[in-house]
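Numbered per the numbering used here, the sequence shown finishes at 719, counting up by one with no gaps. Have a look at the structure below, then the notes.
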Amino acid sequence: MFSSKNLQNVLLAITVGLFTPSTLAQGTVRISELSPIDHHYMNQQKTVLDDLARRHLGARFTGNKGRDLGVLQRLLDQKHVGPSQAEELQAMGIILGELLARDLDMHWVIYQDNLGRSRALRYRETDNYLFPITMISRLRAAGNNKPVIDIYERAYNTIEPLTERLPFQ
Numbered sequence: 551m552f553s554s555k556n557l558q559n560v561l562l563a564i565t566v567g568l569f570t571p572s573t574l575a576q577g578t579v580r581i582s583e584l585s586p587i588d589h590h591y592m593n594q595q596k597t598v599l600d601d602l603a604r605r606h607l608g609a610r611f612t613g614n615k616g617r618d619l620g621v622l623q624r625l626l627d628q629k630h631v632g633p634s635q636a637e638e639l640q641a642m643g644i645i646l647g648e649l650l651a652r653d654l655d656m657h658w659v660i661y662q663d664n665l666g667r668s669r670a671l672r673y674r675e676t677d678n679y680l681f682p683i684t685m686i687s688r689l690r691a692a693g694n695n696k697p698v699i700d701i702y703e704r705a706y707n708t709i710e711p712l713t714e715r716l717p718f719q
């Protein structure tokens with residue numbers, strides 16, 4: 551059984567999507583590439599969020615980590631995206647995921663287990679995954695207003711120690 555402290559850590563990790571498959575899944579896990587429909591959906595979600603940022607903030611997503619995380623935070627702080635707007639919050643998770651993918655050499659995959667089908671980031675061909683699409687939405691739905699930069703850093707710090715170091719780094 552879990553101690554109270556361990557249970558808190560497990561619940562936090564589940565909430566922000568930082569577990570590896572062996573810690574969550576019971577049974578078979580299937581990993582596959584994104585389908586064309588997945589690509590289309592994710593691109594459409596990024597476009598919706600970019601339009602929202604341009605309309606309300608006069609800003610857009612550029613792929614620059616500092617700028618994009620700031621735009622995400624401003625959308626939340628200025629209440630242009632609220633805790634009940636699951637689609638927009640998950641679109642924010644796609645933007646967050648794009649930044650993590652680039653910074654950590656990760657790629658999008660479909661992660662399917664007995665709990666369902668999810669879009670996840672996978673570190674190379676390992677069993678290390680992040681589920682950024684729901685990182686922001688789950689926290690906000692639970693009333694947790696953790697800053698977007700903190701969510702990014704926690705996810706980054708989960709995978710970064712696993713990355714291969716180049717010589718002389």
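Quick reminder that beta carbons are idealized off the backbone N, C-alpha and C, glycines included.
- In this structure, the beta-carbon distance from Ala603 to Leu625 falls below 8 Å.
- Our two residues, Gln623 and Asn678, have alpha carbons roughly 27 Å apart in a direct line.
- Here Leu712 is exposed, its C-beta having fewer than 16 other C-beta atoms within 10 Å.
- Apart from sequence neighbours up to five positions away, no residue of its chain approaches Asn707 with a beta-carbon distance below 8 Å.
- Annotation for Leu646: the continuous alpha helix (DSSP H) segment containing it runs 636 to 654.
- Runs of the beta strand (DSSP E) lying entirely within the region 572 to 598 and spanning at least 3 residues, in chain order: 580 to 582.
- For the pair Ile701 and Leu646, the Cα-to-Cα distance works out to about 9 Å.
- Asp601 carries a helical assignment under DSSP once its states are collapsed to helix, strand and coil.
- DSSP lists no bridge partner for Gly613.
- Nearest to Gln635 by alpha-carbon distance, out of Glu710, Thr684, Val698, Leu584, is Thr684.
- Assigned with DSSP and collapsed to three states, Arg715 falls in coil, not helix or strand.
- Close CB contacts of Ala609 within its chain, under the 6 Å cut and outside five residues either way in sequence, are with Ala603, Val621 (chain order).
- Of the residues Leu619, Asp601, Tyr591, the one whose Cα lies closest to the Cα of Pro697 is Leu619.
- For Ala705, the three-state secondary structure derived from DSSP is helix.
- Rounded to whole angstroms, the Cβ separation of Met642 and Leu650 is 13 Å, and the two are not in contact under 8 Å.
- Under the 10 Å beta carbon count, Ile709 is surrounded by 16 or more other beta carbons and is classified as buried.
- Distance from the Cα of Asn614 is smallest, within the candidate group Asp653, Arg688, Pro682, for Asp653.
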